[in-house]
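**Q**
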Amino acid sequence: MGGGRLWPPSWSAPRVLRWGAGRLRRLVLSKRAAPADDLLSYLTDGALTDDEVTFMGITLLVAGHETTANMLSLGVFTLLEHPDQLARLLADPSLAEHAVEELMRHQTIIHAGPTRAALEDVELAGEVIRAGEAVTVSLVAANRDAHRFPDPDTLDLANPAAQGQLGFGFGIHQCTGQQLARLEMQIALKELFRRFPGLRLARPARDIEMRDTMSIYDVGHLPLLLGAEQGRTAAPQRAATVTMSPMISSVTFRDLLNASPAREKAEAGLAPPMRAAKPTTAANRADARRAKQIPKSRVIIAVLMEDSFSSIGSVRKPVRTSAAASGPPRQPLLASPDRTCRSGRLL
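Read in the numbering used here, the sequence shown has 236 at position 215, and its numbers run on one by one without any break.
See below:
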């Protein structure tokens with residue numbers, strides 16, 4: 022474990038996450054016992070449980086690094102694939118603010134918003150959402166909605182409509198670090214291309230590894246040729262490779278507590294499991310449905326455009342997001358755990 026590594030290289034990503042969650046949970050417990058002037062202390066001074074504060078801390082750590090780092094790599098790749106737009110940014114660096122919004126709209130890295138459950142039966146555009154069924158929002162489809170963004174498949178760094186992109190969410194549950202993320206991306210894009218105006222891909226775009234199997238769409242490896250640095254004499258081409266670390270699957274902290282082996286829980290300092298998790302099988306799902314523990318396996322894919330829906334469709338698992346369809350805006354029909362859907366309105 023030398024060389025600064027915090028865990029053995031043989032550990033799997035879920036085990037690393039469990040280990041990190043255990044360390045963070047111990048920190049949460051120490052903050053609850055001796056509060057300080059910091060975020061974790063603030064979160065512990067309320068109704069949240071230790072597990073909830075720990076999971077929120079994990080969310081802040083991942084959201085504060087993984088999404089910004091991936092969006093920067095994806096943004097660089099996209100600009101290099103659109104030399105006309107890159108030329109506009111080089112000619113007018115003040116476009117960086119608009120460029121970040123348009124890149125996030127055009128290349129939405131978070132494909133779907135949080136899942137919500139309908140508390141009562143409700144009908145939307147001819148589709149019946151049964152009580153207990155899951156509803157999720159397709160952010161990538163919403164950011165390509167032609168009703169909100171003219172010519173949505175075209176990248177335009179000066180697109181004024183891009184200010185309405187939903188990459189950071191919408192409403193009271195928006196990304197808490199969005200202003201920092203915007204500033205980081207604006208500065209990074211301006212300075213990178215200012216310093217290395219000859220930056221280009223080291224291999225054809227079709228050979229660049231892209232990853233879209235996790236909750237974040239990103240560039241796996243981005244080999245670049247830096248070119249000559251601005252203000253210095255020409256030098257041989259230098260190569261650089263941006264390698265993004267593998268994303269950890271989207272799991273809840275409760276899932277980790279339930280599914281991790283007892284020995285690893287003890288190593289990580291986690292609380293005892295709330296309930297042993299069963300392997301997912303067809304028989305288990307059928308038993309659960311009969312016991313009314315899990316609703317029918319059906320997910321409604323809805324497209325959220327600020328305060329309205331523009332399309333909706335239903336699919337069987339595994340979930341596949343459909344593109345936005347044409348049609349008039351419709352009222353939101355999502356239900357959060359403390360709200361109920363009635364008569365086409367979100368109460």
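Don't be surprised by glycine CBs; every beta carbon is placed ideally from N, CA and C.
Only a predicted model underlies this, so the values are computations on that prediction, with no experimental measurement involved.
Where in the segment 89–163 do unbroken runs of the alpha helix (DSSP H), each at least 4 residues long, occur, reported from the N-terminal end onward?
**A** Qualifying alpha helix (DSSP H) stretches, in chain order: 104–112, 117–127 and 160–163.
**Q** Could you say if the segment 107–117 and the segment 155–166 meet the contact criterion of at least three C-beta pairs nearer than 8 Å?
**A** No, the segment 107–117 is not in contact with the segment 155–166.
**Q** I'd like the list of long-range same chain contacts for ALA223, defined as Cβ closer than 7 Å, with 5 residues on each side in sequence excluded.
**A** Taking the sequence shown and counting its residues from 1, the one referred to as residue 223 is at position 202. The answer, listed in chain order, is PRO244, LEU245, LEU246 and ALA260.
**Q** Going by the DSSP bridge assignment, what does VAL240 pair with across the sheet?
**A** Within the sequence shown, the letter at position 219 stands for residue 240. Its beta-bridge partners are MET231.
**Q** Between the alpha carbons of GLN128 and GLY96, how many angstroms are there, rounded?
**A** Translated into the one-based positions of the sequence shown, residue 128 becomes position 107. Translated into the one-based positions of the sequence shown, residue 96 becomes position 75. Computed Cα separation, rounded: 8 Å.
**Q** Would you decide whether GLN106 is buried or exposed? Buried here means 16 or more other CB atoms lie within 10 Å of its CB.
**A** Against the sequence shown, residue 106 aligns to sequence position 85. GLN106 should be labelled buried.
**Q** So what's ARG224 in DSSP terms, helix, strand or just coil?
**A** By 1-based counting over the sequence shown, the position of residue 224 is 203. Residue state, collapsed to three classes: coil.
**Q** Taking the alpha-carbon positions, what's the ALA209 to ASP142 distance?
**A** Position 188 of the sequence shown holds residue 209. Position 121 of the sequence shown holds residue 142. Distance between the alpha carbons of ALA209 and ASP142: 47 Å.
**Q** Can you give me the start and stop residues for the alpha helix (DSSP H) that ILE208 sits inside?
**A** For this step, residue 208 is matched to residue 187 along the sequence shown. Where ILE208 is concerned, the enclosing alpha helix (DSSP H) stretches over 199–216.
**Q** So the alpha helix (DSSP H) LEU38 belongs to, where does it begin and stop?
**A** Against the sequence shown, residue 38 aligns to sequence position 17. That run of the alpha helix (DSSP H) goes 34–54.
**Q** Exposed or buried, which one is TRP40 when buried takes at least 16 other CB atoms within 10 Å?
**A** What you label residue 40 is simply residue 19 of the sequence shown in a count that begins at 1. The residue in question, TRP40, is buried, as its Cβ has 16 or more Cβ neighbours within 10 Å.
**Q** As a quick exercise: from PHE170, LEU101, ASN180 and LEU61, pick the residue whose alpha carbon is nearest that of LEU116.
**A** For the purposes of this step, residue 116 is identified with residue 95 of the sequence shown, where counting begins at 1. Considering only alpha carbons, the answer is ASN180.
**Q** Which two residues bound the contiguous alpha helix (DSSP H) that contains SER62?
**A** Within the sequence shown, numbered from 1, the residue matching residue 62 stands at position 41. It spans 60–65 - the alpha helix (DSSP H) in which SER62 sits, taken as one unbroken run.
**Q** For ALA42, is the beta carbon positioned less than 7 Å from some heavy atom of the ligand ADP?
**A** Within the structure as shown, the ligand ADP is missing, as the structure has no ligands at all.
**Q** Within 8 Å, do at least three Cβ pairs link the segment 82–91 to the segment 142–153?
**A** Output reads no: the segment 82–91 does not touch the segment 142–153.
**Q** DSSP on GLU87, reduced to helix/strand/coil?
**A** Taking the sequence shown and counting its residues from 1, the one referred to as residue 87 is at position 66. Correct three-state label for GLU87: helix.
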